[in-house]
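Shown next, in structure tokens, is the structure this report addresses.
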Amino acid sequence: MDKILRINMSAAGGPTQSTEKAGEFAALGGRATTSTIVGNEVPPDCHPLSADNKLVIAPGMLSGTAAAISGRISVGCKSPLTGGIKESNAGGQAAQVLARLGYAAVIIEGIPEGDDLYKIHINKDRVEISVDNSNKLLDNYPLIEKLQKEYGDKVAYMSIGSAGERLMASASIACTDPELRPTRHCGRGGVGAVMGSKKIKVIILDDAGCKNRPPQDAERFKTANRAFVEGIRKHPVSGEGLPAYGTNVLTNVLNEAGGYPTNNFKTGQFEGGTKISGESLAELEISRGGKATHGCHRGCVIQCSGIYNDKDGKYLTKQPEYETVWSHGGHCGISDLDTIATLDYWDDNVGVDTIEMGVAIGVAMDGGLLEFGDGVGAINLLRDEVAKGTPLGRILGGGAGMTGKAFGVTRVPVVKNQALPAYDPRTVQGIGVTYATSTQGADHTAGYAVATNILKVGGDVDPLKPEGQIELSRNLQIATTAIDSTGLCLFIAFPILDQPETFQSMLDLLGGFYGIEMTGDDVAALGQKVLTLERKFNKDAGFGPEDDRLPSFFQTEKLPPHNLTFGVTDEELDQLYNWD
Amino acid sequence: MQVNVKLFASFQTGRFKQEFRDYPDQTQIGTVVRELNIPEEEVGILLLNAVHAKLDQPLSDGDLLAIFPLVGGG
Ligand code: SF4
Chain A
1 MDKILRINMS AAGGPTQSTE KAGEFAALGG RATTSTIVGN EVPPDCHPLS
51 ADNKLVIAPG MLSGTAAAIS GRISVGCKSP LTGGIKESNA GGQAAQVLAR
101 LGYAAVIIEG IPEGDDLYKI HINKDRVEIS VDNSNKLLDN YPLIEKLQKE
151 YGDKVAYMSI GSAGERLMAS ASIACTDPEL RPTRHCGRGG VGAVMGSKKI
201 KVIILDDAGC KNRPPQDAER FKTANRAFVE GIRKHPVSGE GLPAYGTNVL
251 TNVLNEAGGY PTNNFKTGQF EGGTKISGES LAELEISRGG KATHGCHRGC
301 VIQCSGIYND KDGKYLTKQP EYETVWSHGG HCGISDLDTI ATLDYWDDNV
351 GVDTIEMGVA IGVAMDGGLL EFGDGVGAIN LLRDEVAKGT PLGRILGGGA
401 GMTGKAFGVT RVPVVKNQAL PAYDPRTVQG IGVTYATSTQ GADHTAGYAV
451 ATNILKVGGD VDPLKPEGQI ELSRNLQIAT TAIDSTGLCL FIAFPILDQP
501 ETFQSMLDLL GGFYGIEMTG DDVAALGQKV LTLERKFNKD AGFGPEDDRL
551 PSFFQTEKLP PHNLTFGVTD EELDQLYNWD
Chain B
1001 MQVNVKLFAS FQTGRFKQEF RDYPDQTQIG TVVRELNIPE EEVGILLLNA
1051 VHAKLDQPLS DGDLLAIFPL VGGG
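Here the protein sequences line up with chains A and B, keeping their order. Position 174 (the first sequence) corresponds to 174 in our numbering; numbering is contiguous. To convert, count from 1 in the second sequence and add 1000; that's our numbering.
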């Protein structure tokens, strides 16, 4: 990864391209790369959909190598949803292919004149940016099917559906999986709208003739990789739970713990929870000839995903994630897996974040647009309104915050205008700290305190009390920021939190690859450095301490069954970033 | 006394999903786990009436006990 590709869509006479040396970014990756470039180059006060914003795409530090589970790709920009800095990452094949092509980053800047829609084709020998208006308003599945006839099935695609072209603030960028399904999304924060504003429909990545990136210290790297895989396989979460049941194994856990936000955060337990649990989902998938175990990219040794077939045994969508099953399920009072899977398909097809869209629909239900539990109505909203770009569809596609305003709802679960995921902060107080303080807006992955609060992985902090949550969230946010830079899937956190030797093998993997010594302190320092610059960007974009807060209803409405409010004080929240 | 016992994920295999079971008063959670042939070291999460619990905690009539292996997601 010794070069950076810069594409200027604004250039007179059509888009131009240039290649520069990667410099400091040659040994960086993922979130560290995207956030540093956005921080250096994007004016924090610019409009996110203006020519001044940039879309930065970066594979992780270990992507394109033989390292296991290293295929996460990061996309960065100023977010049209939050108005702050954004890093959104996904699996799929793109990271491995882009890294093998030698790119530490692709930076797309400017906006072309006129209405033409572009595609970018990158292979070993050249980069081609061309107009292709035949792709206009195609959604992701038909788009990828069409492109395969042209570019074949040995490439990786990153694309936007109609939501991205329509500049919806919940629009995602889809990355294809090993079977070329557009199912792995850089979902959060509206990165798809930024790609759409630059009039880029799809990036086709072809690594034919490229090899894996070679490690500096082959022996150390190989040994570390073996130990790393062994550690992942022997931990019960990554070795058994995730492959067998996927992330949706959490439905029963959160529901039993009373932390499962139901009917737009009104209660913490959902009657229909068992029907849509990971256990039920896996059973149904297997009975219909689908798969309960599937990897989103080659080289994944956990394989938390699966294949969901419809009643007739025909492919409908990939296994919906826990977050999706919640946002379209319990959050909306819906307890039917086929309905949820259909909504998942439409999210992927139109190209919207499943969390933002599901939460928006639930908020609209609270505002009286539909009854809670109306699955048919929910599908209609997505398929007939959002996918068609009607005024109502644009309101929903603008996210939960916009939907709440449109329908006069007072219970709007967003932080920095980004929708809360599937853990109620009154029952899981640690994740509330992460939601409130993350540079990204409400994001569970930014510092997954659920592990320590509820799952009892990597320690034990009482989920119902505010004590210890700031420190927990701080440490997790720092570590996560670093992991988001490596290209490794965040689910390695379960084994590395519990098994010191697996954490060491991750350090050796990085050290062996780059020919350096890596310590835990180096990882923490990287995380802190990136968080500091993300925070500076947000501050310059107009964010202050008042933006590091949960919506006030979490302090005023008690959540059954524990009947608690969020107990961490504002003063404590302001202590999270105690190093800058 | 009667306890509502729920098992999840791999613990359901060869056992049950939910059963109302009778135990002598003051039975500890660990006794229930052993009686179900669940190796203690495989227990990840114990929720007694929706609150995290420990193996040596005694049960009361009408309790809801949820037993999970170590699981995770996100
Ligand atoms: S564990 Fe799941 S999300 Fe992570 S790389 Fe594997 S399939 Fe993708």
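From the three backbone atoms N, C-alpha and C, an ideal C-beta is built for every residue, glycine too.
Please decide whether residue i counts as near chain A, where near means a Cβ-Cβ distance under 8 angstroms.
i: V1005 of chain B; result: no
i: Q1057 of chain B; result: no
i: S1010 of chain B; result: yes
i: F1020 of chain B; result: no
i: G1074 of chain B; result: yes
i: A1066 of chain B; result: yes
Using CA coordinates, which residue listed in the options is at the minimum distance from residue i?
i: Y260 of chain A; options: A:D217, A:C332, A:P551 and A:R220; result: A:C332
i: G430 of chain A; options: A:S74, A:I470, A:G23 and A:M195; result: A:I470
i: N248 of chain A; options: A:T439, A:Q319, A:R233 and A:E385; result: A:Q319
i: E219 of chain A; options: A:L533, A:L510 and A:E557; result: A:L510
i: L1047 of chain B; options: A:E256, A:A26 and A:N135; result: A:E256
i: L526 of chain A; options: A:G515, A:T486, A:S327 and A:Q499; result: A:T486
i: G399 of chain A; options: A:V363, A:Y118, A:I108 and A:K199; result: A:V363
i: D384 of chain A; options: A:D132, A:S162, A:L507 and A:L117; result: A:S162
i: W579 of chain A; options: A:P561, A:K536, A:A541 and A:T565; result: A:K536
i: I497 of chain A; options: A:E24, A:P421 and A:S238; result: One detail in the question is off: residue 497 of chain A reads as Leu in this sequence, not Ile. Considering only alpha carbons, the answer is A:S238.
i: G358 of chain A; options: A:T390, A:P391, A:K388 and A:Y322; result: A:Y322
i: P43 of chain A; options: A:P425, A:C77, A:E24 and A:A32; result: A:C77
i: Q1122 of chain B; options: A:N252, A:Q148 and A:N8; result: This structure gives no information on residue 1122 of chain B, because the portion of chain B shown stretches from 1001 to 1074.
i: D115 of chain A; options: A:G91, A:K198 and A:Q93; result: A:K198
i: F221 of chain A; options: A:T452, A:S505, A:V131 and A:L531; result: A:S505
i: T569 of chain A; options: A:G544, A:E501, A:T19 and A:V433; result: A:V433
i: M61 of chain A; options: A:L49, A:S74 and A:M9; result: A:S74
i: V1043 of chain B; options: B:F1020, B:N1049, B:Q1012 and B:P1058; result: B:Q1012
i: S438 of chain A; options: A:Y514, A:S18 and A:L576; result: A:L576
i: P584 of chain A; options: A:C296, A:E145, A:A104 and A:S473; result: Outside the shown range of chain A, which is 1 to 580, sits residue 584 of chain A, and nothing can be said about it.
i: P425 of chain A; options: A:T324, A:G567 and A:Q17; result: A:G567
i: Q1057 of chain B; options: B:G1014, B:Q1028, B:V1033 and B:F1016; result: B:Q1028
i: P421 of chain A; options: A:D366, A:G299, A:R188 and A:P243; result: A:R188
i: W326 of chain A; options: A:A541, A:G299 and A:K275; result: A:K275
i: G84 of chain A; options: A:L472, A:K416, A:R549 and A:I454; result: A:K416
i: L1036 of chain B; options: B:L1059, B:S1060, B:D1063 and B:G1014; result: B:G1014
Counting contacts by CB-CB distance shorter than 8 angstroms, is residue i in contact with chain B?
i: Y448 of chain A; result: yes
i: K456 of chain A; result: yes
i: Y322 of chain A; result: yes
i: F537 of chain A; result: no
i: T586 of chain A; result: Residue 586 of chain A lies beyond the residue range present for chain A, which begins at 1 and ends at 580; the question has no answer from this structure.
i: P591 of chain A; result: Shown here, chain A extends from 1 to 580; a query on residue 591 of chain A therefore has no answer.
i: A451 of chain A; result: yes
i: H562 of chain A; result: yes
i: T486 of chain A; result: no
i: T445 of chain A; result: yes
**Message:** With three or more C-beta pairs closer than 8 angstroms as the rule, is the stretch 89 to 98 of chain A touching the stretch 150 to 159 of chain A?
**Reply:** yes
**Request:** For the stretch 265 to 300 of chain A, list the beta strand (DSSP E) runs that are entirely contained and at least 3 residues long, ordered along the chain.
**Result:** 291 to 294
**Message:** Using a Cβ distance threshold of 8 angstroms, determine whether the stretch 1060 to 1074 of chain B contacts the stretch 234 to 248 of chain A, with at least three qualifying pairs required.
**Reply:** yes
**Asked** Using Cβ-Cβ distances below 8 angstroms, what residues of the stretch 241 to 258 of chain A are close to chain B?
**Response** G241, L242, A244, Y245, G246, T247, N248, V249, L250, N252, V253, E256, A257 and G258
**Message:** So, does the stretch 228 to 245 of chain A touch the stretch 64 to 75 of chain A, judging by three or more C-beta pairs under 8 angstroms?
**Reply:** Judged by Cβ distances under 8 angstroms, the stretch 228 to 245 of chain A makes contact with the stretch 64 to 75 of chain A, as three or more pairs qualify.
**Request:** Mind checking the stretch 1024 to 1051 of chain B against chain A and listing, in chain order, the residues whose C-beta falls within less than 8 angstroms of any C-beta there?
**Result:** E1042, G1044, I1045, L1047, A1050 and V1051
**Request:** Tell me, please, whether the stretch 102 to 110 of chain A touches the stretch 551 to 558 of chain A by the rule of three or more beta-carbon pairs shorter than 8 angstroms.
**Result:** The stretch 102 to 110 of chain A is not in contact with the stretch 551 to 558 of chain A.
**Request:** Examine the Cβ distances between the stretch 132 to 145 of chain A and the stretch 342 to 361 of chain A and report whether three or more of them are shorter than 8 angstroms.
**Result:** yes
**Message:** Just to confirm the assignment: which complete beta strand (DSSP E) runs, minimum length 3, are found wholly within the stretch 168 to 224 of chain A?
**Reply:** Within the stretch 168 to 224 of chain A, the complete beta strand (DSSP E) runs of at least 3 residues are 173 to 175, 184 to 186 and 200 to 205.
**Item:** Members of the stretch 219 to 238 of chain A that neighbour chain B once the beta carbon cut-off is set at 9 angstroms
**Value:** Residues of the stretch 219 to 238 of chain A that bring their beta carbon within less than 9 angstroms of a beta carbon in chain B comprise H235, P236, V237 and S238, in sequence order.
**Request:** Tell me the start and end of each unbroken beta strand (DSSP E) in the stretch 50 to 96 of chain A that is at least 3 residues and wholly inside, in chain order.
**Result:** 54 to 59, 73 to 78 and 85 to 90
**Request:** Check each residue of the stretch 488 to 522 of chain A: if its Cβ is closer than 8 angstroms to any Cβ of chain B, include it; give the result in chain order.
**Result:** The residues in question are L490, F491 and F494.
**Prompt:** Taking three-plus beta-carbon pairs below 8 angstroms as touching, is the stretch 432 to 445 of chain A in contact with the stretch 455 to 462 of chain A?
**Reply:** no
**Contact list for the stretch 278 to 293 of chain A against chain B, Cβ threshold 9 angstroms** = G278 and E279
**Prompt:** Within the chosen definition, does the stretch 332 to 342 of chain A reach the stretch 368 to 376 of chain A through at least 3 CB pairs nearer than 8 angstroms?
**Reply:** yes
**Three-pair Cβ contact test at 8 angstroms for the stretch 338 to 345 of chain A versus the stretch 300 to 318 of chain A** = Output reads yes: the stretch 300 to 318 of chain A touches the stretch 338 to 345 of chain A.
**Asked** Okay, do the stretch 166 to 183 of chain A and the stretch 116 to 129 of chain A touch, 3+ Cβ pairs below 8 angstroms being the bar?
**Response** no
**Item:** 3 or more residues per run - each beta strand (DSSP E) lying fully within the stretch 348 to 427 of chain A
**Value:** none
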